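According to mature numbering (1 follows the signal peptide of the UniProt record, and there is no 0), the residues represented by the sequence shown are -32 to -1, 1 to 81, in order.
What follows is a single structure, written as structure tokens, with notes after it.
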Amino acid sequence: MMKTTFKLKTMLRAAVIASLAVPLMSTMPAVGQTSSSCAPRDQVVKRLAERYGESRQSIGIGQRGMVMETFASADTGSWTITVTNPSGVTCLVASGQSYEMLAEALPNTDSDV
């Protein structure tokens, strides 16, 4: 029971953080600006692979050409959400542990059932 509760809390936390990624895209540094959590995409991807064993698991296009990606490691369960602006600067949005790949079916919306 305790393990299920921990797993549920972890999944809920990941869902909340992921849902925040889109609004955060609009507050990212302007093109050409960087912060301590931003760098050219190739450097970020290389560091995530070398240091954490993470590879890209998902991708999505946001407002103003921003690209959101999720990187994760099947071995350690670590994960990172990044956002890349059109100029190629990638910023870290969130990271954590206990990543799980899910392939859930859509809920039944048939009102006859």
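Just so you know, even glycine gets a beta-carbon here, dropped at the ideal spot from N, CA and C.
All figures in this text were calculated on a predicted structure; none of them were measured in a lab.
Residue from the options with nearest C-alpha to residue i
i, options, result
"Gly33", "Thr52, Arg19, Asn76 and Ala17", "Thr52"
"Thr48", "Ser26, Val35 and Ala62", "Ala62"
Own chain, CB closer than 7 angstroms to residue i, minus 5 neighbours either side, in chain order
i, result
"Gln65", "Gly45 and Ser46"
"Ser23", "Ala17 and Phe39"
Length of the line joining the Cα atoms of residue i and residue j
i, j, result
"Ala7", "Asn76", "43 angstroms"
"Ser5", "Glu68", "24 angstroms"
"Gln11", "Leu70", "28 angstroms"
"Ser79", "Thr58", "44 angstroms"
"Val37", "Leu74", "Inspection of the sequence shows that residue 37 is occupied by Glu rather than by Val. Roughly 22 angstroms separates the two Cα atoms."
"Ile29", "Lys14", "21 angstroms"
"Tyr20", "Asp43", "10 angstroms"
"Val35", "Ser55", "11 angstroms"
"Glu72", "Ile27", "17 angstroms"
"Arg(-20)", "Leu60", "Any reading at Arg(-20) must be qualified, since the residue scores a pLDDT of 49, below 50, and its modelled position is unreliable; the value itself is stated next. Taking the straight line from one Cα to the other gives about 17 angstroms."
"Arg9", "Thr50", "9 angstroms"
Close Cβ partners of residue i (< 6 angstroms) along its chain, the five nearest in sequence each way excluded
i, result
"Gly(-1)", "With a pLDDT of 43 at Gly(-1), under the threshold of 50, the modelled position of that residue is not reliable, and the figure given next carries that caveat. Cβ neighbours of Gly(-1) beyond the five flanking positions: none."
"Gln25", "Thr38 and Ala40"
8 angstroms CB neighbourhood of residue i in its chain, flanking five on each side removed
i, result
"Ser41", "Tyr20, Gly21, Glu22, Ser23, Trp47 and Tyr67"
Exercise. Along the chain, which unbroken stretches of the alpha helix (DSSP H) at least 4 residues long are found entirely within the segment 2 to 49?
Worked result: 9 to 20
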